[in-house]
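Everything below concerns the one structure shown next.
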Ligand SMILES: [Zn+2]
Ligand SMILES: [Zn+2]
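Residue numbers (the numbering used here): 1 to 347.
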């Protein structure tokens with residue numbers, strides 16, 4: 001009689017953060033990875049693009065001109081999805097038709113004045129400036145009594161619908177808790193009540209012991225492929241100390257965050273020797289003034305690539321109608337990300 005085996009039998013895995021399942025079908029990929037590289041034409045690296053609305057000194061929508069910034073640069077999105085002046089409303093509810101006004105802020109963070117850089121091509125001190133900027137923005141937005149949550153993220157690459165290759169991210173601040181944060185908060189709160197620790201503290205202990213899904217680490221952060229990963233090369237970045245947001249990181253931890261972001265993005269670029277597309281972002285405590293000791297700072301990387309620089313995963317069919325599904329396992333993905341060189345392939 002055959003015994004059940006996570007490396008070859010179809011199974012589902014539970015995500016304790018969202019309390020959702022992912023279907024894993026490892027038997028569909030028995031072939032070993034061939035290390036498929038394609039010569040994807042790289043854009044000619046220009047350090048300054050006169051037509052880029054994020055480059056220093058250039059004009060944006062409405063004629064506003066960027067300053068000649070030398071580090072990071074932050075401004076309110078000219079086409080913001082949320083606006084601070086949105087009039088308040090009572091919940092508008094007519095039977096099944098429910099709506100609520102939503103005020104907020106949308107900020108754009110330029111990581112560097114250099115048009116041609118990405119996080120993988122920036123130095124640790126340069127990335128530390130980005131971390132500082134995130135902390136400053138988080139704290140400023142958190143001090144606004146109307147703001148309940150702050151979402152810091154980067155959407156990178158044309159494949160992700162990002163129209164400008166200038167290194168930049170976004171910060172959206174809401175009057176409410178968005179869906180993903182709300183799901184995680186429930187899980188974190190229940191876990192702390194039952195175990196007295198944070199869910200990710202215990203999960204990290206487990207992963208450090210097992211060593212099966214680790215990708216990279218330094219003194220203060222660990223990058224791993226979560227057991228329940230949906231995207232082929234999805235990773236989770238967890239702080240070793242259970243802090244609830246970026247503003248609680250000390251000086252050394254902020255440097256370590258810059259370092260691990262560089263390590264992560266270099267490994268991604270090296271995997272298919274391309275400028276690796278992804279959505280990444282931090283999950284942090286709500287900003288309503290509560291302590292949220294149950295919450296544990298972390299970031300998710302959700303990259304779409306599956307087998308090469310051009311072959312991406314589609315979330316269609318069964319995944320739209322039922323649940324997400326993947327073929328090769330999280331352990332295999334972690335192995336591949338561990339096995340690529342830690343130095344950027346262009347260096
Ligand atoms: Zn630019
Ligand atoms: Zn999360």
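From the three backbone atoms N, C-alpha and C, an ideal C-beta is built for every residue, glycine too.
The structure displayed is predicted, hence computed values, not measured ones.
Suppose you measure from the CA of residue i to the CA of residue j; what does that come to, to the nearest Å?
i           : j           : result
residue 241 : residue 201 : 8 Å
residue 223 : residue 213 : 9 Å
residue 152 : residue 49  : 26 Å
residue 286 : residue 99  : 22 Å
residue 298 : residue 176 : 20 Å
residue 32  : residue 10  : Residue placement at residue 32 is flagged as unreliable, the pLDDT there being 48, under the threshold of 50; the coordinate-derived value follows with that caveat. Their Cα atoms are separated by approximately 18 Å.
residue 123 : residue 149 : 30 Å
residue 272 : residue 305 : 9 Å
residue 254 : residue 154 : 18 Å
residue 413 : residue 144 : Outside the shown range of the chain, which is 1 to 347, sits residue 413, and nothing can be said about it.
residue 171 : residue 225 : 25 Å
residue 53  : residue 63  : 10 Å
residue 335 : residue 97  : 48 Å
residue 166 : residue 93  : 42 Å
residue 294 : residue 249 : 16 Å
residue 266 : residue 292 : 33 Å
residue 4   : residue 191 : 29 Å
residue 59  : residue 168 : 16 Å
residue 342 : residue 270 : 8 Å
residue 118 : residue 163 : 14 Å
residue 2   : residue 332 : 22 Å
residue 318 : residue 86  : 38 Å
residue 339 : residue 203 : 23 Å
residue 51  : residue 346 : 26 Å
residue 344 : residue 320 : 36 Å
residue 6   : residue 274 : 31 Å
residue 156 : residue 108 : 13 Å
residue 290 : residue 251 : 23 Å
Counting only the same chain and skipping the five closest in sequence on each side, list residues whose C-beta sits under 6 Å from that of residue i.
i           : result
residue 27  : 8
residue 158 : none
residue 15  : 228
residue 258 : 124, 127, 128, 131
residue 29  : 327, 328
residue 73  : 110
residue 206 : none
residue 288 : 148
residue 208 : none
Tell me which residues share the same chain as residue i and place their Cβ nearer than 7 Å to its Cβ, disregarding the 5 neighbours each side in the sequence.
i           : result
residue 105 : 76, 82, 84, 141, 173
residue 46  : 115, 116
residue 264 : 216, 223, 235, 237, 301
residue 260 : 216, 218, 221, 223, 237
residue 146 : 103, 175
residue 256 : 218, 219, 220, 221
residue 246 : 134, 135, 138, 282, 284, 297
residue 178 : 149, 151
Which same chain residues, not among the five before or five after residue i, have their C-beta less than 8 Å away from its C-beta?
i           : result
residue 25  : 10, 325, 326, 327
residue 296 : 188, 198, 199, 200, 201, 238, 239, 242, 243, 244
residue 18  : 180, 183, 184, 187
residue 268 : 120, 233, 276, 278, 301, 303, 337
residue 79  : 61
residue 88  : 101, 103
residue 323 : 12, 20, 21, 22, 23
residue 210 : none
residue 56  : 48, 66, 67, 68, 69, 70, 73, 113
residue 160 : 277, 278, 279, 304
What residues sit near ligand 1, counting only those whose C-beta is closer than 6 Å to one of its heavy atoms, in chain order? Taken from the N-terminal end onward, the list reads 49, 52, 54, 55, 115, 166.
Who sits around ligand 2, taking every residue whose Cβ is closer than 6 Å to one of its heavy atoms? Those residues, listed in chain order, are 17, 184, 283, 298, 300.
Would you call the segment 221 to 240 and the segment 317 to 329 in contact, with 3 or more CB pairs under 8 Å? The segment 221 to 240 is in contact with the segment 317 to 329.
Three-pair Cβ contact test at 8 Å for the segment 125 to 137 versus the segment 62 to 69: No, the segment 125 to 137 does not touch the segment 62 to 69.
With three or more beta-carbon pairs closer than 8 Å as the criterion, would you say the segment 305 to 322 touches the segment 190 to 208? No: the two stretches stay apart, fewer than three of their Cβ pairs being nearer than 8 Å.
Spell out a yes or no on whether the segment 268 to 280 and the segment 183 to 191 are touching, meaning 3 or more CB-CB pairs, one atom from each, closer than 8 Å. Because the criterion of three Cβ pairs below 8 Å is not met, the segment 268 to 280 and the segment 183 to 191 do not touch.
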